[in-house]
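Report on the structure given below.
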Amino acid sequence: MCLKALNTTFCASAMGVRALKPRMKWIVILIFIVGQIHVDLVLIEARYQRAVFQGSEEVLKRDFQLRYGDKWQGVWEASGNASEEDIKKAEELAEGLAELVSARIDDLETAALYAKYGRNLTLEPQVKLGMELLGKAEALEKMLRWGLVMHFSDEVISAPPYLAKLLLKLIQHDVKLDVDLWEELERYSRDYSSMAFLEGLLTGDFDEELHKAFYGAPASQLKIGRAAVYTSDVGLVVNPAYSPEELLGVLLQIKKRRADMLARALSLHGEYEFSEEYRCGSQYISLDGSAEKSGVIAICPWLSYSRRLWRRARNLILIVEGSRPPQLRQFKYGVIFIRGGEAEVIKPYTPSKIFEYIIDVLYGAGFYVLEGEESSAF
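Written out as structure tokens, the structure reads:
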């Protein structure tokens, strides 16, 4: 007796089949069919990846090793000569492939977090860092082992299209997301260099020369809790549960609160508002209505790289939280560094009546003002 199932023929001797009871014969046959269907789905999955993959063989073999374990070499040999037809076959058998992957998943929360938040990340380092921000440091290897994601090139990782319905099902699973952007950013709000760097990356107007002048060389790596992470080779990765716009919005709320508090402490006269254009507090002061004695004071808890702010040609004064960096001794604008009850002053290249007025206000408000040689020696 012979039975052909998919790509394999199963044969049993007539004597052996007759020796089994009818019910047992069909159980044996069904076990064979189910096992063979599983094997064929594995081969379809493997041939699909080989058909779509563009990259080094080492990367592809690593996926096979993770996904198929000790059997990976057999699957590798059986899945050679993959073609466009294998892509079509995988699409036709999407339901079976989804069940194959689903049966491998042994960490439903990780799978659901990826489906809900991480699936828009495509570069391998981004996926790894993004899942770490979601609290799943080992997620990438797990997802490759399940077949929930696979390499499409040496760097590009994604869930294959035939898993679309499985991803939708996973999205419905309730997952606990214990990341509060306000709390994450607030912890770093006095790390002025990091916050300025993060803001510049989020807005796309980071100015390396300005950053060096005020804070030194930018960091090659930066991690802001579970809100965001930056590396020089990958770039900025924001927690996938939030958009970069949401992160920037919270960052500017914290910056506005600190700028408003600083403005009240300075007791400056004139109209004050937090400027969305400058991304700093903005106070317009005019002593007598003349251009010479009028100007804008930008109150910045940490530096803003807004091009609109730095385009101002006359009477811009910067008030920044923190200590004066040793490398900054002169600047084209007047700069005042506020630290507690102390104010360190860097005078502008061109003498400014409005700047001298601000210095007098600081003295009047009770600040200990360090200017000129005294500030340089501090």
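Per this note's numbering, the sequence shown starts with residue 20, numbered consecutively. Glycine included, each C-beta is placed from N, C-alpha and C at the ideal position.
Start-to-end residues for the alpha helix (DSSP H) that takes in residue i
i: residue 374; result: 372-383
i: residue 387; result: From DSSP, residue 387 is part of no alpha helix (DSSP H) but of the beta strand (DSSP E) over 387-389.
i: residue 83; result: 76-87
i: residue 124; result: Per DSSP, residue 124 belongs to no alpha helix (DSSP H) and is neither H nor E.
i: residue 107; result: 103-111
i: residue 240; result: Taken as a continuous stretch (DSSP letters only), residue 240 belongs to no alpha helix (DSSP H), being part of the beta strand (DSSP E) at 240-243.
i: residue 13; result: The question about residue 13 has no answer, for the chain in this structure spans 20 to 397.
i: residue 92; result: 91-97
i: residue 204; result: 200-205
Residue i (DSSP reduced to helix, strand or coil)
i: residue 367; result: strand
i: residue 7; result: A query on residue 7 cannot be resolved here, the shown segment of the chain reaching from 20 to 397 and no further.
i: residue 185; result: helix
i: residue 350; result: strand
i: residue 73; result: strand
i: residue 213; result: helix
i: residue 194; result: coil
i: residue 66; result: helix
i: residue 235; result: coil
i: residue 117; result: helix
i: residue 55; result: Because the pLDDT at residue 55 is just 43, under 50, the model does not fix this residue reliably, and the value given afterwards should be weighed accordingly. Helix at residue 55.
i: residue 50; result: Bear in mind that the predicted position of residue 50 carries a pLDDT of just 41, short of 50, making it unreliable; the figure below should be weighed with that in mind. Correct three-state label for residue 50: helix.
Exposure of residue i, with buried meaning 16 or more beta-carbon neighbours within 10 Å
i: residue 294; result: buried
i: residue 381; result: buried
i: residue 334; result: buried
i: residue 360; result: exposed
i: residue 363; result: buried
i: residue 92; result: exposed
i: residue 123; result: exposed
i: residue 138; result: buried
i: residue 156; result: exposed
i: residue 300; result: buried
i: residue 165; result: buried
i: residue 209; result: exposed
i: residue 320; result: buried
i: residue 199; result: exposed
i: residue 183; result: exposed
i: residue 283; result: exposed
i: residue 212; result: buried
i: residue 348; result: exposed
i: residue 379; result: exposed
i: residue 180; result: exposed
i: residue 219; result: buried
i: residue 80; result: exposed
i: residue 274; result: buried
i: residue 159; result: buried
i: residue 345; result: exposed
i: residue 368; result: exposed
i: residue 387; result: exposed
i: residue 206; result: exposed
Where the beta strand (DSSP E) containing residue i begins and where it ends
i: residue 225; result: Counting along the chain, residue 225 falls outside any beta strand (DSSP E), and DSSP gives it neither H nor E.
i: residue 337; result: 335-340
Residue-level contact to chain B via CB, residue i, 8 Å cutoff
i: residue 79; result: No chain B is part of this structure, which consists of one protein chain only.
Which full runs of the beta strand (DSSP E) of 3+ residues lie inside the region 248-329, going along the chain?
254-257, 290-294, 299-305, 313-319
At least three beta-carbon pairs within less than 8 Å, the region 189-201 to the region 125-140
yes
Write down every uninterrupted run of the alpha helix (DSSP H) in the region 126-181 whose length is 4 residues or greater and which is fully enclosed by it, in chain order.
127-132, 143-152, 158-165
Touching by the beta-carbon criterion (3+ pairs, under 8 Å), the region 305-319 and the region 327-338
yes
With three or more beta-carbon pairs closer than 8 Å as the criterion, would you say the region 94-103 touches the region 59-69?
yes
The region 300-312 / the region 365-377 touching (three or more Cβ pairs under 8 Å):
yes
Do the region 69-85 and the region 170-184 meet, that is, are 3 or more Cβ pairs less than 8 Å apart?
yes
Touching or not, the region 174-185 and the region 141-156, by the rule of three or more beta carbon pairs under 8 Å?
yes
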